[in-house]
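Worksheet for the structure shown next.
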Amino acid sequence: MKNIFEFAEACLHRTDIDEKLALTHQAWQLLQSQRLSLDSDRPVLPIVNVKFPDRPQLLAPRHMPQRKLTNPGGVIAFFHAIAHVEFVAIYLAWDILYRFRGLPDQFYQDWLRVADEEAQHFALIRAHLQSMHTDYGDLPAHSGLWEHATDTADNILARLAMVPRCMEARGLDVTPAIIEKFKKLGDDTSVALLTRILTDEVGHVELGSYWFKFVCRQQGYEPEAKYRELIREYYKGGKPKGPFNREMRIIAGFSNAELDWLEN
Ligand SMILES: [Fe+2]
Ligand SMILES: [Fe+2]
Numbered sequence: 086m087k088n089i090f091e092f093a094e095a096c097l098h099r100t101d102i103d104e105k106l107a108l109t110h111q112a113w114q115l116l117q118s119q120r121l122s123l124d125s126d127r128p129v130l131p132i133v134n135v136k137f138p139d140r141p142q143l144l145a146p147r148h149m150p151q152r153k154l155t156n157p158g159g160v161i162a163f164f165h166a167i168a169h170v171e172f173v174a175i176y177l178a179w180d181i182l183y184r185f186r187g188l189p190d191q192f193y194q195d196w197l198r199v200a201d202e203e204a205q206h207f208a209l210i211r212a213h214l215q216s217m218h219t220d221y222g223d224l225p226a227h228s229g230l231w232e233h234a235t236d237t238a239d240n241i242l243a244r245l246a247m248v249p250r251c252m253e254a255r256g257l258d259v260t261p262a263i264i265e266k267f268k269k270l271g272d273d274t275s276v277a278l279l280t281r282i283l284t285d286e287v288g289h290v291e292l293g294s295y296w297f298k299f300v301c302r303q304q305g306y307e308p309e310a311k312y313r314e315l316i317r318e319y320y321k322g323g324k325p326k327g328p329f330n331r332e333m334r335i336i337a338g339f340s341n342a343e344l345d346w347l348e349n
């Protein structure tokens, strides 16, 4: 394979986890050595064709077991949930570059880098789970994450608003407090893993903000008004709930006005 959309198609429609990780790294390596074609002549398959592995079993959030970090089972359940977030994040990065064509080359290069970082996050978390005698797929997982992709499959601005600028931005709000909990528990491995991921995620949200504003300008929209409009239209429950990590969200391209609107 030598074409980014051929890699994307394979990663979105094949279910073998190790193959997906290997293809993602291979595509990123080819891009860095300028051997990856960005020619977009392959058709885009409908989003219903995207395939996930048989395991983990996917459950509605209300059916997910409760977890507490103060017992080992809770720590395992927590990292299994994070592994699932990272696994779906690999799909989300591939899907945004696969489904939305005709953007500058940089768009495809940026999201391929994100796919590769998500694959690294997933591999790190999976190894951490394995060190606790659990593998990804052993526990059920949250069924809701991919819905943000299917809901926005025909609207690049809605995708950018809902995935990097909503779902991934939420990670910036909640992760620092979780890192503090693991610090208190003296679990340095978990602290290091989550800190590494948090640093990369600021970059993903920042890219989301950059491309959101870029496409808004291209389509003649005022970005802040368009963001509010899309959140109202696509976010179930009206508006994301805080508290928001203003400091990190500002670094990641949110304006004070956007944060004020989210908070009020
Ligand atoms: Fe990630
Ligand atoms: Fe991410």
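Residue numbering for the sequence shown follows the numbering used here, beginning at 86 and increasing consecutively.
Every residue gets a Cβ at the ideal spot worked out from N, C-alpha and C, and that includes glycine.
Short CB-CB distance (under 7 Å) between residue i and chain D
{"i": "Val276", "result": "Considering every chain present, this structure includes no chain D. It has just one protein chain."}
Ligand 2 heavy atom lying under 6 Å from the CB of residue i
{"i": "His227", "result": "no"}
{"i": "Glu291", "result": "no"}
{"i": "Ala174", "result": "yes"}
{"i": "Glu286", "result": "yes"}
{"i": "Glu314", "result": "no"}
{"i": "Glu253", "result": "yes"}
Cβ separation of residue i and residue j, assumed to be a contact under 8 Å, to the nearest whole Å
{"i": "His165", "j": "Leu224", "result": "4 Å"}
{"i": "Glu291", "j": "Ile241", "result": "So it is not a contact: roughly 17 Å between Cβ atoms."}
{"i": "His227", "j": "Pro128", "result": "Contact flag wrong, Cβ pair sits at about 31 Å."}
{"i": "Trp296", "j": "Leu344", "result": "That belief does not hold up - the Cβ atoms of Trp296 and Leu344 are roughly 19 Å apart, past 8 Å."}
{"i": "Trp179", "j": "Ala254", "result": "20 Å between Cβ atoms; not a contact."}
{"i": "Ile175", "j": "Leu214", "result": "About 16 Å separates the two Cβ atoms, so there is no contact after all."}
{"i": "Leu123", "j": "Asp195", "result": "Going by Cβ atoms, the distance from Leu123 to Asp195 rounds to 12 Å, so no, they are not a contact pair."}
{"i": "Val170", "j": "Trp231", "result": "In fact, because the Cβ distance is near 11 Å, the residues do not count as touching under 8 Å."}
{"i": "Gly327", "j": "Glu348", "result": "6 Å"}
{"i": "Leu197", "j": "Ala112", "result": "6 Å"}
{"i": "Gly293", "j": "Pro249", "result": "2 Å"}
{"i": "Asp258", "j": "Phe163", "result": "Contact doesn't hold; Cβ gap of about 17 Å is too wide."}
{"i": "Ser125", "j": "Phe90", "result": "6 Å"}
heavy atom of ligand 4 below 6 Å from residue i C-beta
{"i": "Ala168", "result": "No copy of ligand 4 occurs in the structure displayed; its ligands are ligand 1 and ligand 2 alone."}
Residue i: CB within 6 Å of a non-hydrogen atom of ligand 1
{"i": "Glu203", "result": "yes"}
{"i": "His206", "result": "yes"}
{"i": "Glu171", "result": "yes"}
Of the residues the options, the one placed nearest residue i, counting alpha carbons only
{"i": "Asn88", "options": "Glu332, Phe172, Tyr183 and His98", "result": "Tyr183"}
{"i": "Asp272", "options": "Leu154, Cys96 and Lys326", "result": "Leu154"}
{"i": "Thr100", "options": "Ser118, Gln114, Asn134 and Arg120", "result": "Asn134"}
{"i": "Glu332", "options": "Lys324, Pro325 and Asn341", "result": "Asn341"}
{"i": "Trp346", "options": "Tyr312, Val300, Gln114 and Arg120", "result": "Tyr312"}
{"i": "Glu72", "options": "Leu177, Met149 and Ile132", "result": "Any question about residue 72 goes unanswered here, given that the chain covers just 86 to 349."}
{"i": "Cys251", "options": "Tyr319, Gln303, Leu97 and Leu143", "result": "Tyr319"}
{"i": "Leu144", "options": "Leu130, Ala204 and Gly229", "result": "Gly229"}
{"i": "Met38", "options": "Gly158, Met217, Ile316 and Leu283", "result": "With the chain covering 86 to 349 only, the question about residue 38 has no answer from this structure."}
{"i": "Phe267", "options": "Pro150, Gln114 and Asn156", "result": "Asn156"}
{"i": "Phe185", "options": "Met86, Leu130 and Gly158", "result": "Leu130"}
{"i": "Ile132", "options": "His98, His148 and Gln151", "result": "His98"}
{"i": "Val300", "options": "Ala168, Leu270 and Ala243", "result": "Ala243"}
{"i": "Pro325", "options": "Gly256, Ala168, Gln303 and Leu270", "result": "Gly256"}
Taking 8 Å as the cut-off, does the region 226 to 239 touch the region 297 to 310 (at least 3 CB pairs, one atom from each stretch)? With the rule of 3 Cβ pairs closer than 8 Å, the region 297 to 310 does not count as touching the region 226 to 239.
Quick one: any contact between the region 215 to 230 and the region 136 to 145, if contact means 3 or more CB pairs under 8 Å? Because the criterion of three Cβ pairs below 8 Å is met, the region 215 to 230 and the region 136 to 145 touch.
The region 106 to 119 in contact with the region 200 to 219 per 3-pair CB rule at 8 Å: Three or more pairs of CB atoms, one per stretch, sit closer than 8 Å, so the region 106 to 119 contacts the region 200 to 219.
Would you list, in sequence order, the uninterrupted alpha helix (DSSP H) runs of no fewer than 4 residues that lie entirely inside the region 147 to 214? As far as the region 147 to 214 is concerned, its whole alpha helix (DSSP H) runs of at least 4 residues are 157 to 184.
Would the region 274 to 294 count as touching the region 330 to 344 if we require 3 or more Cβ pairs under 8 Å? These segments touch.
Quick check for students: name the residue ranges of the alpha helix (DSSP H) that lie wholly in the region 208 to 295, counting only runs of 4 or more. Counting only runs of at least 4 residues, the region 208 to 295 fully encloses the following alpha helix (DSSP H) elements, listed from N- to C-terminal order: 232 to 236, 241 to 247 and 254 to 269.
If contact is defined by three or more beta carbon pairs under 8 Å, each pair taking one atom from either stretch, is the region 248 to 264 in contact with the region 277 to 284? At 8 Å Cβ cutoff, the stretches touch.
Can you check the region 119 to 148 for any alpha helix (DSSP H) of at least 4 residues that lies completely inside it and give the ranges in chain order? Residue ranges of uninterrupted alpha helix (DSSP H) with 4 or more members are absent from the region 119 to 148; none lies entirely inside it.
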